[in-house]
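Student: There's a structure below that I have some questions on.
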Amino acid sequence: MYEIVARHGGGGVVVSPRERLDRFGEVRSLAAPAGITIAADPGAIREWKLLKVVLTAALA
Numbered sequence: 037m038y039e040i041v042a043r044h045g046g047g048g049v050v051v052s053p054r055e056r057l058d059r060f061g062e063v064r065s066l067a068a069p070a071g072i073t074i075a076a077d078p079g080a081i082r083e084w085k086l087l088k089v090v091l092t093a094a095l096a
C-alpha cells in the first residue's frame, strides 16, 4: 500500500477508528462489485489498510 501511495502522490490520509467503524458497511458495499469480500464482523478484520484506502477514496 505504501508503494502505491508513494507512486501516485500524497502523504497519506488519517481515517479515525471511529470513522472506519461508522462507515464499515459502506466500505463493504463499495468493495463488493470489485470482487473483494470483507468480513461482516469488524472484529474479524486484522489488517485495515484496504479498508482505509477504500474509505479515503470514497471521501475524496
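Every number in the numbering used here is 36 more than the matching position in the sequence shown, counting from 1.
Backbone N, C-alpha and C fix where the C-beta goes; we use that ideal spot for every residue, glycine too.
(1) Compute the distance between the beta-carbons of Arg-59 and Leu-86, then report whether it is under 8 Å.
(2) Could you tell me the alpha carbon to alpha carbon distance between Arg-82 and Ala-96, rounded to whole angstroms?
(3) Per DSSP, what kind of secondary structure is Thr-73 in: helix, strand or coil?
(4) Give me, in chain order, the residues of the same chain whose beta-carbon lies closer than 7 Å to that of Ala-67; leave out the 5 immediate sequence neighbours on both sides.
(5) Under 6 Å Cβ to Cβ from Val-63, same chain only, skipping five residues before and after it: list those, please.
Tutor: Once the coordinates are examined:
(1) Within the sequence shown, numbered from 1, the residue matching residue 59 stands at position 23. Within the sequence shown, numbered from 1, the residue matching residue 86 stands at position 50. No, the Cβ-Cβ distance between Arg-59 and Leu-86 is not below 8 Å.
(2) By 1-based counting over the sequence shown, the position of residue 82 is 46. By 1-based counting over the sequence shown, the position of residue 96 is 60. So the alpha carbons of these two residues sit roughly 25 Å apart.
(3) For the purposes of this step, residue 73 is taken as the residue at position 37 of the sequence shown. Coil.
(4) By 1-based counting over the sequence shown, the position of residue 67 is 31. Closer than 7 Å at the Cβ level, and outside the excluded window around Ala-67, lie Ile-74, Val-90.
(5) Start at 1 with the first residue of the sequence shown, and residue 63 comes out as number 27. So the list reads Leu-87, Val-90, Leu-91, once near-sequence residues are dropped.
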